[in-house]
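A.B. asks: If you count the sequence shown from 1, position 59 lands on 961 in the working numbering, and the numbers rise without skipping. Just passing along the structure, written as structure tokens.
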Amino acid sequence: MAYAFVGWALCAATMGIGTSVTTLQNTLIVHAIGAPIYFAIVSRVYFSKFSYTRPLQTAIIFLSFVIATDFFLVALVVNRSLDMFLSWLGTWLPFALIFTSTYLTGLYVTKHSKSKATLQQ
């Protein structure tokens, strides 16, 4: 969960800083680009160091954390509105990209770590 929190915090920082320096539309675009990058980096570190869960499980856990935090903290407490969930660019695309980047990074890292372990034997 700590790794999912780091990814979510990077996304939250992108949204917070972005909305203070540019338009909401530009911020949403930067967030949609940044979110999968942040989660690819975070999941690469996770899979390289720990890899306690399989790539699919990790992608589900990371995305579940992001959705829950966005719903309970951002939407209900900060925004006091569920309107953010009406935005394809602001919510649903980043969710899909977070899941995909976490899953694919997990597949890549675990496959290469198994190959490396096989070569070392």
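Just so you know, even glycine gets a beta-carbon here, dropped at the ideal spot from N, CA and C.
1) In angstroms, rounded to a whole number, what distance separates the CA positions of leucine 926 and glycine 992?
2) Are the stretch 1000 to 1016 and the stretch 943 to 959 touching, with three or more C-beta to C-beta distances below 8 Å?
3) Just checking, does the stretch 927 to 935 make contact with the stretch 974 to 982 on the three C-beta pairs under 8 Å criterion?
4) The alpha helix (DSSP H) with tyrosine 948 in it runs from where to where?
5) For phenylalanine 907, report the span of its alpha helix (DSSP H) as first-last.
6) Go ahead and pull the three-state DSSP assignment for threonine 955.
7) Tell me whether aspartate 985 is buried or exposed, calling it buried when 16 or more other Cβ atoms sit within 10 Å of its Cβ.
8) For glutamine 959, which option in Val1011, Asp972, Tyr1010, Phe1001 has the closest C-alpha, if you only look at C-alpha atoms?
9) Taking proline 996 as the reference, which of Gly909, Met903, Ala904, Tyr954 has the closest Cα?
10) Within a Cβ cutoff of 6 Å, which residues of the same chain sit near valine 944, ignoring the five residues on either side of it in sequence?
C.D. replies: The short version:
1) Roughly 9 Å separates the two Cα atoms.
2) yes
3) no
4) 926 to 951
5) 904 to 923
6) coil
7) exposed
8) Checked all of Val1011, Asp972, Tyr1010, Phe1001; the closest Cα to glutamine 959 is Phe1001.
9) Gly909
10) Tyr905, Val908, Gly909
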